[in-house]
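Asks: In this note's numbering, the protein residues as written are 5 to 187.
Every residue, glycine too, gets a C-beta built ideally from N, C-alpha and C.
Bear in mind that the values here come from a model prediction, so they are computed numbers and not experimental data.
(1) For residue 55, which residues in the same chain have their Cβ closer than 6 Å to its Cβ, ignoring the five residues on either side in sequence?
(2) Between the alpha carbons of residue 45 and residue 70, how many angstroms are there, rounded?
(3) Can you tell me the Cβ-Cβ gap for residue 65 and residue 8, rounded? I've got them flagged as a contact below 8 Å.
(4) When the Cα atoms are used, what is the spatial distance from residue 58 to residue 91?
(5) Taking C-alpha atoms, which residue in 87, 75 and 172 lies nearest to residue 100?
(6) So who's on the other strand from residue 67, going by DSSP bridges?
(7) For residue 140, which residues of its own chain have a beta-carbon under 8 Å away from its beta-carbon, when the five flanking residues on both sides are left out?
(8) Assuming residue 198 is part of the alpha helix (DSSP H), what are its boundary residues?
(9) Could you tell me whether the region 123-132 touches the region 99-114, using the rule of 3 or more Cβ pairs below 8 Å?
(10) Straight-line CA distance for residue 138 to residue 6?
(11) Return the Cβ separation of residue 115 and residue 39 in integer angstroms, given the expectation that the two are a contact with Cβ distance under 8 Å.
(12) Could you check whether residue 10 and residue 27 sit closer than 8 Å to each other, using their CB atoms as the reference points?
(13) Between which two residues does the alpha helix (DSSP H) containing residue 133 stretch?
(14) Is the separation between the beta-carbon of residue 167 and that of residue 175 shorter than 8 Å?
(15) Please state whether the Cβ-Cβ distance between residue 82 and residue 48 is less than 8 Å.
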């Protein structure tokens, strides 16, 4: 298969995708992307993929991550970036102060638009819990999310450890299995 475009300017995401897929991938961006307002990760990611495909006219990957907190009835979901800008991880922890149900699900939704523009959807999920305080580094919710079966937040883990069990790695591995079958 020819080179695939990946709708990201994040070098970390690009490096992870290349390592998992073992093919030539080029990170690309758009000056502006209209993000529809929906709580459905697949609908949102497919909508973004359609915009990128219309612009680049070639196979492209669009991937987005979402955090669904049980006690917040699934929020912030696709609005995590907005939560981070306005109240930050500190605000989420304050909102959850005293809550016993700290369950959460981190989800990566990957949409691959093939050369004909047909969408193929791959989802990776990691269940876990929200901590009581910020622990470690990282971006987004990494410092407040502990995957089930682990004692460290994503933010405390080495990149290699996180990438073995992250929702993004799971989605990309599913995509790779599908992609290998297309050859």
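Replies: According to the data block:
(1) For residue 55, the CB contacts under 6 Å within the same chain, skipping 5 residues up- and downstream, are 37 in chain order.
(2) Roughly 7 Å separates the two Cα atoms.
(3) The C-beta distance from residue 65 to residue 8 rounds to 6 Å, short enough to fall under 8 Å.
(4) Looking at the two C-alpha atoms, the distance is approximately 35 Å.
(5) Measuring from the Cα of residue 100, the nearest candidate turns out to be 75.
(6) In the DSSP secondary-structure assignment, residue 67 is bridged to 114.
(7) For residue 140, where only same-chain residues beyond five positions count, the Cβ hits under 8 Å are 146, 147, 156, 157, 158, 159, 160 and 161.
(8) An answer regarding residue 198 cannot be provided, because it is not within the stretch 5 to 187 covered by the chain.
(9) Contact between the region 123-132 and the region 99-114 is present, because at least three Cβ pairs lie under 8 Å.
(10) Residue 138 and residue 6: Cα-Cα distance of roughly 42 Å.
(11) The C-beta separation of residue 115 from residue 39 comes to about 14 Å, leaving the pair out of contact by the 8 Å criterion.
(12) No. Outside cutoff.
(13) For residue 133, no alpha helix (DSSP H) run applies; the uninterrupted beta strand (DSSP E) run containing it begins and ends at 123-134, by DSSP.
(14) Cβ distance not < 8 Å, so residue 167 and residue 175 don't count as in contact.
(15) In contact: residue 82 and residue 48 (Cβ atoms closer than 8 Å).
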